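Working notes, structure below.
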């Protein structure tokens, strides 16, 4: 299924990038990639995306597991390529950071996420999984605004359009 292929690609890219950082950087070390515009700076993040809510790692571990389970549960109903890509990216990013929380120091349910992408002018350091999660959330909002259901159909509204009713009344001479 394409959703799981997308998730696997995101997860693998996230995992390999973190392993590369662990093998080549000391914690706190920072190196220029594209001048000052982009740096790789190795930090361990005990909080949520962009280091928010440090110290609540166990809550984010449970939340990430719930999101992953929810996506797997709706996967059989997906008939929209847009939803497949969005939820595949979200699943890959979520499980990428969940893997860190379950396996990295200081221990299960409290593991710190490996972050390293440091963009000039942006206050946080993040990772590939965070990029996938944020991109997927943007896609999710777009799919919802477009009214696309999980099965690819367009959402129906039961309420009549007041502008259309006014035009209809005017054409009947009311």
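In the UniProt record's numbering, the protein residues as written are 1 to 174.
Ideal Cβ positions, reconstructed from N, Cα and C, are used throughout, including at glycine.
What you are looking at is a predicted structure, and each value in this text was computed from that prediction instead of being measured.
Please classify residue 5 as buried or exposed, where buried requires at least 16 other C-beta atoms within 10 Å of its C-beta. With fewer than 16 other CB atoms across the displayed protein chains lying within 10 angstroms of its CB, residue 5 is exposed.
Taking the runs of the beta strand (DSSP E) that are 3 residues or longer, which of them lie wholly in the region 88-131? Inside the region 88-131, DSSP marks whole beta strand (DSSP E) runs of 3 or more residues at positions 113-119, from first to last along the chain.
Beta-carbon proximity check, residue 148 vs residue 109, cutoff 7 Å: Against a cut-off of 7 Å, the Cβ pair of residue 109 and residue 148 comes out as no contact.
For residue 27, three-class secondary structure by DSSP: When DSSP states are grouped into helix, strand and coil, residue 27 belongs to the coil group.
Please classify residue 121 as buried or exposed, where buried requires at least 16 neighbouring CB atoms within 10 angstroms. By the beta-carbon neighbour count (other beta carbons within 10 angstroms, threshold 16), residue 121 is exposed.
Counting only the same chain and skipping the five closest in sequence on each side, list residues whose C-beta sits under 6 Å from that of residue 129. Within the same chain, residue 129 has close Cβ partners 14, 93, 96 and 97.
Out of 116, 144 and 89, which has the shortest C-alpha to C-alpha gap to residue 135? Selection 116, 144 and 89 evaluated against residue 135 yields 89 as nearest (Cα-Cα).
Let me check one thing: in DSSP terms, what residues is residue 38 bridge-paired to? The partner list for residue 38 (beta bridge, DSSP) reads 34 and 119.
Please classify residue 59 as buried or exposed, where buried requires at least 16 other C-beta atoms within 10 Å of its C-beta. Label assigned to residue 59: exposed.
Is it right to say residue 154 is buried, meaning 16 or more other beta carbons lie within 10 angstroms of its own, or is it exposed? Here residue 154 is exposed, its C-beta having fewer than 16 other C-beta atoms within 10 Å.
Hey, would you say residue 139 sits closer than 7 Å to residue 79, going by beta carbons? No, these two residues do not count as a Cβ contact at 7 Å.
Please say whether residue 87 and residue 16 have beta carbons closer to each other than 7 Å? Contact: no.
To which residues of the same chain is residue 105 closer than 8 Å at the C-beta, ignoring the five residues directly before and after it? Excluding residues within five positions, the ones whose Cβ falls inside 8 Å are 44, 111 and 112.
Compute the distance between the beta-carbons of residue 126 and residue 115, then report whether it is under 7 Å. Against a cut-off of 7 Å, the Cβ pair of residue 115 and residue 126 comes out as a contact.
Whole-angstrom distance between residue 23 and residue 47, CA atom to CA atom: Rounded to whole angstroms, residue 47 to residue 23 spans 23 Å at the Cα level.
Spatial neighbours of residue 150 within its chain, please: CB distance less than 8 Å, with the 5 preceding and 5 following residues excluded, ordered by chain position. Once the five neighbours on either side are set aside, the close Cβ partners of residue 150 are 74, 77, 78, 79, 80 and 83.
With DSSP as the reference, identify every bridge partner of residue 148, one or two as the case may be. In DSSP, residue 148 forms a bridge with 154.
What is the rounded straight-line gap between the Cα of residue 133 and the Cα of residue 10? Distance between the alpha carbons of residue 133 and residue 10: 10 Å.
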